[in-house]
Amino acid sequence: MISVKDTSLYSEVIKEFNHSFGSMFVFQGYMIVEINEGIVVNWEDHVKVFSNDIKKFVGTKGKDLILISNRINSYSVIASDWLKFFKNNYNLKAYLIVSNEKTANLGVMTENLFFNKKIKKFNSLYTAVNYVKSGLIEVK
């Protein structure tokens, strides 16, 4: 797995947000998030912070944006906190996960229970980004 910073994609970054728990890279129509090793991602300490960053930067609560979670580090997500994300009127056009770990499948299945759209998983960051750029995202 490779960080956005170490790819040719980095030259396309419009805005970068760096926090003690991870980084978010904003591109035209999508964003890529990389969480630091060992973090337990929750609404209050992490997702809300990134959501507010996006709201201030693009002026919306993300309904036209696609989130790619580039899981280059090992961390966990409190999946039920997706309910807090939606309760606060945040939304996403789509959510993609990039991970080559087989254990990530269980996490994706758990997150799918709380996320209001289908989560798509990829083994490569470039494949996920090409999927987004080619317009293959299904909006439901």
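Per the numbering used here, the sequence shown starts with residue 958, numbered consecutively. The beta-carbon is built from N, C-alpha and C at its ideal position, and this holds for glycine as well. The structure presented is a predicted model; accordingly, all values stated were derived computationally and were not measured.
Q: Whole angstroms is fine: what's the gap from N1087's alpha carbon to S960's?
A: For the purposes of this step, residue 1087 is taken as residue 130 along the sequence shown, with counting starting at 1. For the purposes of this step, residue 960 is taken as residue 3 along the sequence shown, with counting starting at 1. If you take the alpha carbons of N1087 and S960, they lie about 16 Å apart.
(Q) Looking at the strands, I want to know which residues DSSP matches up with Y987. (A) Position 30 of the sequence shown holds residue 987. F984, I1023.
Q) Quick one: what does DSSP say E969 is sitting in, helix, strand or coil? A) Position 12 of the sequence shown, counted from the start, is the residue given in the question as residue 969. E969: helix per DSSP, three-state reduction.
Q. Who are the Cβ neighbours of S1026 in its own chain at under 6 Å, not counting the five residues just before and after it?
A. For the purposes of this step, residue 1026 is identified with residue 69 of the sequence shown, where counting begins at 1. So the list reads V990, I1054, once near-sequence residues are dropped.
Q. In whole angstroms, what separates the C-alpha of K1077 from that of L1022?
A. For the purposes of this step, residue 1077 is taken as residue 120 along the sequence shown, with counting starting at 1. For the purposes of this step, residue 1022 is taken as residue 65 along the sequence shown, with counting starting at 1. The straight-line gap from Cα to Cα measures roughly 15 Å.
Q. At what residue ranges does the stretch 1021 to 1057 contain a whole run of the beta strand (DSSP E), taking only runs of 3 or more?
A. 1023 to 1027, 1051 to 1055
Q. Applying the criterion that 16 or more other CB atoms from any shown protein chain within 10 Å of the CB defines a buried residue, is V1096 buried or exposed?
A. Reading the sequence shown from its first residue, position 139 is the one you call residue 1096. Note on V1096: pLDDT 45, under 50, position unreliable in the model; no value is reported.
Q.
Per DSSP, what are the beta-bridge partners of K1078 in this structure?
A. As a working note, residue 1078 is residue 121 in the sequence shown. Paired residues: I1054.
Q.
Taking the straight line between their C-alpha atoms, what separation do you get for R1028 and M958?
A. In the sequence shown, counting from the first residue as 1, residue 1028 sits at position 71. In the sequence shown, counting from the first residue as 1, residue 958 sits at position 1. Cα-Cα distance, rounded: 8 Å.
Q: Report buried or exposed for F1043, applying the criterion of at least 16 other Cβ atoms within 10 angstroms of its Cβ.
A: In the sequence shown, the residue the question calls residue 1043 occupies position 86. Label assigned to F1043: exposed.
Q) Bridge partners of V997, per DSSP? A) Position 40 of the sequence shown, counted from the first residue, corresponds to residue 997. S1033.
(Q) Once DSSP output is grouped into helix, strand and coil, what is the label at I992? (A) Translated into the one-based positions of the sequence shown, residue 992 becomes position 35. If DSSP states are grouped into helix, strand and coil, I992 belongs with the strands.
Q. Relative to the alpha-carbon of Y1047, which residue among N1030, T1017, K1013 has its alpha-carbon at the smallest distance?
A. On the sequence shown, residue 1047 is found 90 positions in, with the first residue counted as 1. Per the Cα distances, T1017.
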